[in-house]
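S.K.: Here this note's numbering runs 1 ahead of the position in the sequence shown, where the first position is 1. C-beta: ideal position from N, C-alpha, C; glycine also. I'd like to ask some things about the structure below.
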Amino acid sequence: MKVTIVGAGNVGSTCADAIAYKRIASEVVLLDIKEGFAEGKSLDITQTSSLLGFNTKVSGSTNDYSKTADSDVVVVTSGIPRKPGMTREELIGVNAGIVKAVTKGVLKYSPNAIIVIVSNPMDTMTYLTLKESGISKHRIIGMGGALDSARFRTYLSLALNKPANDIHGMVIGGHGDTTMIPLARLSSYNGIKVSDLLSENELSKVVADTMVGGKTLTGLLGTSAWYAPGAAVAYLVDSILNDQKRIIPCSVFLDGEYGQKDICIGVPVIIGKNGWENIIELDLNDTEKELFSNSANAVRNMNSALA
């Protein structure tokens, strides 16, 4: 199985490293527009193989899309990163042009690839990719919900002082500081409702911390995070290539589900070898439905900048 990652920056290279280390794919190609950058990152990763015990072939290329031919999955991380004080919405002008060019380039050589979008604003870039590519909606997946849910589970773990792997929690809605919806009501620790273990104030803080999870890291690091986003991509790609049928919150195209049409936004979906296979419609309460509707309106407003 072959995976191409477009953009060899922090997120892209971390994703490549995780996929290689976990032996998710037999081949990983890093592609970047900066001369020698992808080649250097791939060589660095390759030099860890004898130490970490993997045989995944990792190579790099400077803007030569022919090297990406016959990829099963293409991950798009390219674009300018978010800087302190910058919203994801402010990235749309520059990154839309980049994503259009990348989509055209990868599909020329890998017409059957499943495309995973990481570039921000992620929901809008996912929608743009779907409209530009003309391929099946099931082959276009925005990664954001997987990352947001990982952050949610982390904050729940810290509040509960329990292992994150024993905690179930999900974030739906837009991948933005004000549009994501951590579903606290449906979260649990080994079958026990989290709401039975944390006070209302404690749970509210977890939700608030999750919603500014990316912004917090941007403020601390001076740029966007990369370890958790890279791991989230690897987790998603693993479910695709190994047909694991995991339920992962992702940004996908809705056509009536959750009362929404003609929009890409985060909802739980089954991820397998064909991309996203089914949308899981949760039984949201009235408050959650209102939050989701507001989130969809915000994403649509962002999408309007594509016209």
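Considering only C-alpha positions, which residue in the set 9, 20 and 24 is nearest to residue 36?
M.R.: In the sequence shown, the residue the question calls residue 36 occupies position 35. Taking only the C-alpha atoms, the option nearest residue 36 is 9.
S.K.: Assuming the contact rule is C-beta atoms closer than 8 Å, residue 282 and residue 258 should be a hit. Round their C-beta distance to whole Å, please.
M.R.: The sequence position of residue 282 within the sequence shown is 281, counting from 1. The sequence position of residue 258 within the sequence shown is 257, counting from 1. Between residue 258 and residue 282 the Cβ distance is about 6 Å, and since that is below 8 Å, they are a contact.
S.K.: Under DSSP, the beta strand (DSSP E) around residue 154 begins and ends at which residues?
M.R.: Within the sequence shown, the letter at position 153 stands for residue 154. Not the beta strand (DSSP E): residue 154 falls in the alpha helix (DSSP H), residues 145-161.
S.K.: According to DSSP, simplified to helix, strand and coil, what is residue 1?
M.R.: Here the chain has residues from 2 to 308 only, and residue 1 is not among them.
S.K.: Decide yes or no for the touch test of the stretch 115-128 against the stretch 194-203: beta carbon pairs closer than 8 Å, at least 3 of them.
M.R.: Output reads no: the stretch 194-203 does not touch the stretch 115-128.
S.K.: Roughly how many angstroms separate the alpha carbons of residue 261 and residue 269, rounded to a whole number?
M.R.: Locating residue 261 in the sequence shown gives position 260, where the first residue counts as 1. Locating residue 269 in the sequence shown gives position 268, where the first residue counts as 1. Distance between the alpha carbons of residue 261 and residue 269: 14 Å.
S.K.: Please classify residue 97 as buried or exposed, where buried requires at least 16 neighbouring CB atoms within 10 angstroms.
M.R.: Taking the sequence shown and counting its residues from 1, the one referred to as residue 97 is at position 96. So residue 97 ends up on the buried side.
S.K.: Relative to the C-alpha of residue 300, which residue among 254, 286, 59 and 274 is closest?
M.R.: Here residue 300 refers to the residue found at position 299 of the sequence shown. Per the Cα distances, 254.
S.K.: In the DSSP assignment, what residue or residues form a beta bridge with residue 190?
M.R.: Here residue 190 corresponds to residue number 189 of the sequence shown, with the count starting at 1. Paired residue(s): 168 and 193.
S.K.: Have a look at residue 103 and residue 7 and give me their C-alpha separation to the nearest angstrom.
M.R.: For the purposes of this step, residue 103 is taken as residue 102 along the sequence shown, with counting starting at 1. For the purposes of this step, residue 7 is taken as residue 6 along the sequence shown, with counting starting at 1. The alpha-carbon atoms of residue 103 and residue 7 are separated by roughly 8 Å.
S.K.: Classify residue 225 as buried or exposed, calling it buried when 16 or more other Cβ atoms lie within 10 Å of its own Cβ.
M.R.: As a position in the sequence shown, residue 225 is number 224, starting the count at 1. Flag for residue 225 reads buried.
S.K.: Tell me, please, whether the CB atom of residue 28 is closer than 8 Å to any CB atom in chain D?
M.R.: Of the chains in the structure shown, none is chain D; there is only one protein chain.
S.K.: Rounded to the nearest angstrom, what separates residue 27 and residue 179 at their Cα positions?
M.R.: The residue you call residue 27 lines up with position 26 of the sequence shown. The residue you call residue 179 lines up with position 178 of the sequence shown. Each residue's alpha carbon lies about 39 Å from the other.
S.K.: Can you say whether residue 306 is buried or exposed, counting buried as having 16 or more other CB atoms within 10 angstroms of its CB?
M.R.: Numbered from its first residue, the sequence shown carries residue 306 at position 305. Classification for residue 306: exposed.
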